[in-house]
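Worksheet: the structure to be examined is printed underneath.
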Amino acid sequence: MQAEPVQPPIRASAVIRNIKQLVTVAQRPIEGASGALQVLNNAALAVYHGRIVWIGPDNEAEPLFLSTRQDGITIVDAQGAVVTPGFVDSHTHLVFAGQRAEEFHLRRAGVSYAELLAQGKGILTTVEATRKADAETLLALAQRRLHLMRDHGTTTVEIKSGYGLDRINEEACLHIINNLKALEERASSSVPQQVRVVPTFLAAHVLPLEYRERRADYLDLVVEELLPSFVGLARFCDVFCEAEAFTVEECRRILSRARDLGYHLKIHADQLSPSGGARLAAELGATSADHLDHASDEDLKALRDAGVVATLLPGCSYTLRSPYPSARRLLDLGLTVALATDCNPGTSYCENMQMMIGLAMAEMGMSLEEALIAATINGAKALALEEEIGSIEIGKRCELALWQLEDYREIGYHFGVNLVQSTLTLL
Ligand code: NIG
Ligand code: FE
């Protein structure tokens, strides 16, 4: 008689049980899961050294993990929550002081964002306020915004500098972002809820006032001095490629140097006009091109063919009352579309990714499934972190959002309130 093959036990440090609906957003089919999001009902998952090692029906967790009495195993009761991957917000400007409510209302009275920028307001108003604030204040403000994001289900946040615009202040902003990152990594509490922080260097946000007559000097400063000395402080280098900010040639120079120094690349592209930014992103192999309100079909095809993620930021259309870019058009052309808040005091003062999903569904032609993919795994792709985060799959990090819902399909339908109960990040 042949003996039954014995499965070796799976080592686990934590098991999350009692999940009503596990919305995995998995890229490969998961046994027992269904639909575009690979949803599993009455599920559990196990984690070892911060990696997901097992996903399955809740009733299989007991014999696999609990009766084997593995030492020190932690059991987390999800209490019937719906569980999704935590949101990956791949485009934010969280380090700033002050606010621009006055300009917001001027715009409602008919003054355009570009006019304000040309008058030395807009981004420059925030640069002035940020330069005046001390590091402690800036850190506290950014941390409050970061924790608001977390409380709405976000577990990864990219944060850009870009309101310093000189050596001292850009460096200070990058240090604040890295301090936030370290504080999150060290945070300990009974419910682990760290936010993963990804720093981006954005000195080419707009030309600072004091360089108005010395444009070339600012570019030299960024390319020859700041980029080399900030290696290690930022994963990405970003630029604002726009008539009111930097030309395609200037952006090419900055990003080529950044790429040679080992930064990954991002571009604010074709936001206010057809700026050529998307083409440049394709040419340089940027990780993402963001905004894209004025990108042509040819621009979009170039992005698709170069494997650049298209990041759409519906908060800007909401705030500027400009037409929403059609996500449907991008999806139909075969692009990888991500959604992000762009949280900043000018064009999108919002920390809440649930709001972005709602807007994308109401105004941009996305289905809930497409919007959830865009806010999780495609956000991870926009940060070149898709091997680590963005979906609930074996081998990935356990970075989750727990929702107080009957069914994930209530997202985007039940609107205007926070449906997330908490995030959960197991190390
Ligand atoms: O992504 N477009 C450039 N940067 C931001 C706006 C920043 C601001 O207005 O302060 C954006 O929309
Ligand atoms: Fe932005």
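When you line the sequence shown up against this note's numbering, it's residues 80 to 506, in that order.
Glycine included, each C-beta is placed from N, C-alpha and C at the ideal position.
Given the structure is predicted, the values throughout are model-derived calculations rather than measurements.
So what's T171 in DSSP terms, helix, strand or just coil?
coil
For a test of the three-state rule: what should DSSP assign to N97, helix, strand or coil?
strand
Distance check for T235 and A480, CA to CA, integer angstroms please.
11 Å
Residue ranges of each beta strand (DSSP E) run of no fewer than 3 residues wholly in the stretch 314-360, ordered along the chain?
315-320 and 343-348
Where do the ends of the alpha helix (DSSP H) carrying Q158 lie?
No alpha helix (DSSP H) contains Q158, which is instead part of the beta strand (DSSP E) from T153 to P164.
Applying the criterion that 16 or more other CB atoms from any shown protein chain within 10 Å of the CB defines a buried residue, is S240 buried or exposed?
buried
Could you tell me whether the Cβ atoms of T398 and A417 are closer together than 9 Å?
9 Å or more divides the Cβ of T398 from the Cβ of A417.
Just checking N423 against the ligand FE - is the residue's beta carbon closer than 8 Å to any of the ligand's heavy atoms?
It does: the Cβ of N423 is within 8 Å (strictly closer) of some heavy atom of the ligand FE.
Is it buried or exposed for G394, if we count other Cβ within 10 angstroms and need 16 for buried?
Buried, since its Cβ has 16 or more Cβ neighbours within 10 Å.
To the nearest angstrom, how far is the alpha carbon of T420 from that of T502?
So the two alpha carbons sit approximately 18 Å from each other.
Let me know the alpha helix (DSSP H) ranges lying completely inside the stretch 378-456, each 4 residues or longer, listed in chain order.
Runs found: 393-399, 406-411, 432-442 and 447-454.
State yes or no: is the C-beta of A123 within less than 9 Å of the C-beta of R148?
no
Here's the rule I'm using: 16 or more other beta-carbon atoms within 10 Å means buried, otherwise exposed. How should Y342 be labelled?
buried
Please report the distance separating the alpha-carbon of R338 from that of I154.
44 Å
Looking at H347: is its Cβ nearer than 9 Å to the Cβ of F319?
Yes, they are a contact pair.
Identify the continuous alpha helix (DSSP H) that holds R293 and give its terminal residues.
Here R293 belongs to no alpha helix (DSSP H), and DSSP marks it neither H nor E.
Between L392 and the ligand FE, is there a pair consisting of the residue's CB and a ligand heavy atom that are separated by less than 8 Å?
yes
Counting C-beta neighbours from all protein chains within 10 Å, is the total for N138 16 or more, i.e. buried, or is it exposed?
exposed
So which of L506, H172 and W133 has the shortest CA-CA distance to C429?
H172
By the 10 Å Cβ neighbour count, where 16 or more other Cβ atoms means buried, how is P88 classified, buried or exposed?
exposed
Does at least one heavy atom of the ligand NIG sit under 8 Å from the Cβ of C395?
yes
Over the uninterrupted alpha helix (DSSP H) stretch that includes N257, give me the two end residues.
R246 to R265
If you follow the alpha helix (DSSP H) that D230 is part of, which residue opens it and which one closes it?
Where D230 is concerned, the enclosing alpha helix (DSSP H) starts and stops at A214 to D230.
Under a three-way DSSP split, which group does D486 fall into?
coil
How big is the Cα-Cα spacing for A105 and S470?
6 Å
Does the separation of the CB atoms of V387 and A365 fall below 9 Å?
yes
So H370 is in the beta strand (DSSP E); what residue range does that whole segment cover?
S367 to H370
What is the rounded straight-line gap between the Cα of H581 and the Cα of V118?
Since the displayed the chain opens at 80 and closes at 506, residue 581 lies outside it and no answer follows.
Report back the beta-carbon spacing between L568 and P307 to the nearest angstrom; my notes put them in contact at under 8 Å.
Within the shown structure, residues of the chain are numbered from 80 to 506, placing residue 568 beyond reach of any answer.
Taking A91 as the reference, give the member of S146, G444, P278 and A295 with the closest Cα.
Across the set S146, G444, P278 and A295, the C-alpha of S146 shows the shortest separation from the C-alpha of A91.
Can the beta-carbon of L447 be found less than 9 Å from the beta-carbon of S396?
no
Helix, strand or coil for I131 per DSSP?
Correct three-state label for I131: strand.
In whole angstroms, what is the alpha-carbon distance linking R223 and V174?
If I take the Cα positions, the gap works out to 11 Å.
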